[in-house]
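Inspection log for the structure reproduced underneath, given as structure tokens.
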Ligand code: KIV
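Residue numbers (the working numbering): 1313 to 1580.
The structure is reproduced here in structure tokens:
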């Protein structure tokens, strides 16, 4: 597979070919995503929850995003690498946003993702003008969790539906190359997708978006106690890992490991 760029994303919408993205935070996950052939990898601020064990994404720092972006970068060749702009890395001023985005680009990101609608348009315009591609993010934007009163379905009322359509139009005009639509009714996601010329990437937004993104840990069954309705579990890695470790424990205790194959002898 050739190198996927932001231009590929736009072409895919024209060609009606679906885009598939996954999150990654480590070198190993990047290698897996590359080998599987995804189109894009997002170093998401979801790392607050799946890597750090926090209840939400608000306590993720720019330094943490920089560190994980550089880890993922080393394992990727073809997929587009997008890094999240974490909470408070851009809200206080456009200048701060440019500085933060630049730091992620220096660590290997090829685009940044910013949550929000018209309120972030001035920053997006500047970044795009300075050569930093931006992915938008509308719907259930986790950095607004306290205003939303929890992690819940958005754009349900006629007013909220109009607002998301208007925000999508504003983001497109500001220059984003794609928009993540999170946790919204499929009818609304379909309407947004039809109204914009850039690809929409859904997560909990139904089948009509131009692409899909899911969190690696959710689809690989790494947290059996957390199963969002929209995230299909494709593999049960938690059970696999526990069973592998149990075998290791048993073999050590019974003297079966290490065996001849996994040991060294002095040369005769
Ligand atoms: O942080 C993240 O992983 C995200 C995706 C869920 C879209 O924003």
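All C-beta atoms in this analysis are idealised placements derived from N, C-alpha and C, irrespective of residue type, glycine included.
- One Cα belongs to residue 1369, the other to residue 1506, and the distance between them is close to 30 Å.
- Not a single heavy atom of the ligand KIV lies less than 8 Å from the C-beta of residue 1512.
- Within its own chain, the residues whose Cβ lies closer than 8 Å to the Cβ of residue 1551, once the five positions on either side in sequence are excluded, are 1533, 1536, listed in chain order.
- With a cut-off of 8 Å, the C-beta of residue 1386 is classified as distant from the ligand KIV, since no heavy atom of the ligand falls inside that distance.
- When secondary structure is reduced to three states using DSSP, residue 1397 falls in the coil class, being assigned neither helix nor strand.
- About 7 Å separates the CB atoms of residue 1351 and residue 1392; that is less than 8 Å, so the two are in contact.
- Taking the Cβ atoms as the reference, residue 1355 lies roughly 6 Å from residue 1337, within the contact range of under 8 Å.
- Every residue whose beta carbon comes nearer than 7 Å to a heavy atom of the ligand KIV appears here in chain order: 1335, 1354, 1356, 1357, 1358, 1369, 1396, 1425, 1449, 1454, 1492, 1494, 1515, 1525, 1527.
- Judged by DSSP secondary structure, residue 1491 falls within the beta strand (DSSP E) whose first and last residues are 1490-1494.
- Secondary structure note for residue 1502: its alpha helix (DSSP H) is the uninterrupted segment 1498-1507.
- Nearest Cα to residue 1510 within the set 1439, 1489, 1423: 1489.
- Residue 1443 and residue 1463 have their C-alpha atoms roughly 33 Å apart.
- Beta-carbon to beta-carbon, residue 1452 and residue 1494 are separated by about 4 Å, close enough to satisfy the 8 Å threshold.
- Ranked by Cα distance from residue 1399, the options 1458, 1557, 1323 are led by 1458.
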